[in-house]
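Just so we're aligned: the sequence shown equals residues 1 to 145 in the UniProt record's numbering. Note that the Cβ used here is the ideal one computed from N, Cα and C, for glycine as well.
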Amino acid sequence: MNIPGIEFGRKISAAYAALCKPLCQKLHLPQTAFDILMFLANNPGYQTASDVVEVRKLKANLVSVNVDRLVQEGYLVREADPGDRRRTLLRCTEEACPIIEQGRALQEEFGARLLEHTNEAQRKAFFETMDIMNKNLDAILEGEA
């Protein structure tokens, strides 16, 4: 079976970075800092630098440097986790809202461009297949395969 995995994933990443580049330049933010900010804004269940490292598969030192930058620029604040004082939560600030809005618009544009030249039936089948594959991946990871 020929699944367009590695090349497809690489192309998605490269195309997204290319679309983000002008906005990152305008905002004077490195791509990684922008990605971290958008990840935290779009995924409220993930609130720590460790979450960013684990889920986004970024190196801890790269996350640390970019989180420091985002804190210094006023886009993130660090807060103690009330349930576990050893954990530090990261919260987006009001100052980050315009960046997040622009980032979400860019992400919407990317999604729309990615699905250009597909019809509703193709998109529906694609997302249904992705859902099934996601469940299959969960089963594999849980050892149920």
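Need the endpoints of the alpha helix (DSSP H) that Leu58 sits in, please. Element bounds for Leu58: n/a, residue is neither H nor E.
Considering only residues of the same chain and omitting the five flanking positions on each side of Cys92, which have a CB-CB separation below 8 angstroms? Leu37, Leu40, Ala41, Tyr75, Leu76 and Ile100
Alpha carbons only, please: which of Glu95, Val63 and Phe110 is nearest the one belonging to Tyr16? Phe110
Which residues in the same chain as Val55 place their Cβ atom closer than 7 angstroms to its Cβ, once the five residues preceding and following it in sequence are excluded? Tyr46
CA-to-CA distance, Lys21 to Leu29, given in whole angstroms: 9 angstroms
Just the Cα atoms here: how many angstroms apart are Ser50 and Ala60? 8 angstroms
Using alpha carbons as the reference points, say which of Arg104, Thr129 and Ile6 lies closest to Asn43. Arg104
Along the alpha helix (DSSP H) that carries Glu101, what are the first and last residues, could you check? Cys97 to Leu114
Taking the alpha helix (DSSP H) that Glu142 belongs to, which residues open and close that run? Segment: none, Glu142 is in no alpha helix (DSSP H) and carries neither H nor E.
Can you give the Cα-Cα distance for Val53 and Ile140, rounded to whole angstroms? 22 angstroms
Could you round the C-beta distance between Thr32 and Leu70 to whole angstroms and report it? I think they count as a contact, below 8 angstroms. No, Thr32 and Leu70 are not in contact; Cβ-Cβ is about 10 angstroms, not under 8 angstroms.
May I have the straight-line CA-CA distance separating Gln122 from Leu115, to the nearest angstrom? 9 angstroms
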